[in-house]
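**Q** Take this structure, written in C-alpha cells, and hold onto it; I'll ask about it next.
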Ligand code: ADE
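Numbering (UniProt numbering), first residue to last: 1 to 223.
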C-alpha cells in the first residue's frame with residue numbers, strides 16, 4: 001500500500017509514523033508513506049498557497065491551483081483522495097478497515113479555514129474529520145488516520161488476533177478493564193474471577209464490565 005500526504009507541514013505528518021509498529025511496517029515495506037510539501041506545487045516567487053475568502057469572512061483558504069497540481073501529479077489509476085477537515089464525516093474503525101484495502105491513498109491536509117470548495121467538488125473522494133474539535137492543521141489528523149490504517153495491514157501487528165479482538169471490532173461496545181501482574185498492588189487486587197481459570201465466568205464478567213464502561217464513557221454507542 002502507498003500513502004501520499006500533501007501538507008504545509010510534512011514533518012508533522014511523518015514524525016509520529018517512524019517509531020514502533022508503524023516504523024517496523026515501513027521497514028518491512030508493508031507501507032510506502034510519503035509526505036509532500038504543498039508549497040512545492042505553488043507558483044510564483046513567493047509560492048503562495050493561501051488566499052482571502054471570496055465574499056469576505058475571517059481567515060484564509062488554501063488556493064485550488066497547488067492542490068490540483070499535487071493530485072494530478074500523484075494520482076494513479078486506483079487512488080482514493082481524502083481531505084482532512086473538521087467539516088468531514090467522523091473517522092471510525094470501520095473506515096480504517098475499509099481504507100486499509102485501498103492500494104493508494106492521497107491525503108490532503110487543510111490549513112487555515114480550509115480549502116477552496118472546487119477542490120472538494122472535483123478532486124476529493126471523502127472529507128474526513130478525526131473528531132469534533134479544531135486542530136491547527138490537518139497534518140496531525142492525517143498522521144492519526146494513517147496510523148489507524150497501517151496497523152491493520154496484514155503483518156503489521158505481530159499477533160494477528162490483537163487487531164481483531166479490540167475495542168470497536170464491536171462498534172457498539174468498549175473493551176472490559178484489563179489487568180496484568182502483580183496480582184496485588186498497593187492494596188488493589190486483580191478481580192478474583194480473572195485468576196479463577198473459569199473461562200465461562202471470565203467471559204460473563206468481561207461482558208458485564210464492558211457494558212458498565214460503555215454506559216459510563218460512551219453512552220452514545222448503546223441502542
Ligand atoms: N483539521 C483541523 N481539525 C481537524 C479535525 N478535527 N479532523 C480532521 N482534520 C482537521
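Beta carbons: idealized from backbone N, C-alpha and C, even for Gly.
Excluding five sequence neighbours on each side, which residues of the same chain lie with their C-beta closer than 8 Å to the C-beta of residue 29?
**A** Hits under 8 Å: none found.
**Q** Starting from the C-beta of residue 224, find all residues in its chain whose C-beta is less than 7 Å away, skip the five residues before and the five after it, and write them out in chain order.
**A** Not covered by the structure: residue 224. The range shown for the chain is 1 to 223.
**Q** Since I believe residue 59 is in contact with residue 226 (beta carbons under 8 Å), could you give me their beta-carbon distance rounded to a whole number of angstroms?
**A** Because the chain here runs from 1 to 223, residue 226 falls outside it and cannot be looked at.
**Q** Tell me the DSSP secondary structure of residue 33 in three-state form.
**A** Reduced to three states, the DSSP call for residue 33 is strand.
**Q** Can you name, in chain order, every residue of its own chain whose Cβ lies under 8 Å from the Cβ of residue 88, other than the five neighbours on each side?
**A** Taken in chain order, the residues that qualify are 126, 127, 128, 129.
**Q** Kindly indicate which three-state DSSP category residue 118 falls into: helix, strand or coil?
**A** Looking at residue 118 - three-state DSSP - the assignment turns out to be helix.
**Q** Only counting runs of 4 or more residues, tell me where the alpha helix (DSSP H) segments fall wholly within the segment 75-162, in order along the chain.
**A** Counting only runs of 4 or more, we get 93-99, 117-122, 138-150.
**Q** Given 8 Å as the limit, is there contact between the segment 13-22 and the segment 137-144, that is, 3 or more CB pairs closer than that?
**A** Yes, the segment 13-22 is in contact with the segment 137-144.
**Q** Which first and last residues belong to the alpha helix (DSSP H) in which residue 213 is found?
**A** Looking at the DSSP string, the run of the alpha helix (DSSP H) that includes residue 213 is 199-217.
**Q** Given this structure, state the Cα-to-Cα distance separating residue 38 from residue 74, to the nearest angstrom.
**A** Computed Cα separation, rounded: 12 Å.
**Q** Any heavy atom of ligand 1 closer than 7 Å to the beta-carbon of residue 120?
**A** No, the Cβ of residue 120 stays beyond 7 Å of every heavy atom of ligand 1.
**Q** For residue 7, list the residues DSSP reports as bridge partners.
**A** Residue 7 pairs with 37.
**Q** If you follow the beta strand (DSSP E) that residue 52 is in, where does it begin and where does it stop?
**A** That run of the beta strand (DSSP E) goes 50-52.
**Q** Taking three-plus beta-carbon pairs below 8 Å as touching, is the segment 176-192 in contact with the segment 207-222?
**A** Judged by Cβ distances under 8 Å, the segment 176-192 makes contact with the segment 207-222, as three or more pairs qualify.
**Q** Given 7 Å as the limit, tell me if residue 133 has its C-beta closer than that to any heavy atom belonging to ligand 1.
**A** Yes - ligand 1 has a heavy atom lying nearer than 7 Å to the Cβ of residue 133.
**Q** Is it right to say residue 109 is buried, meaning 16 or more other beta carbons lie within 10 angstroms of its own, or is it exposed?
**A** That one is buried.
**Q** Let me know the secondary structure DSSP gives residue 61 once reduced to three states.
**A** Note: residue 61 maps to strand in three-state DSSP.
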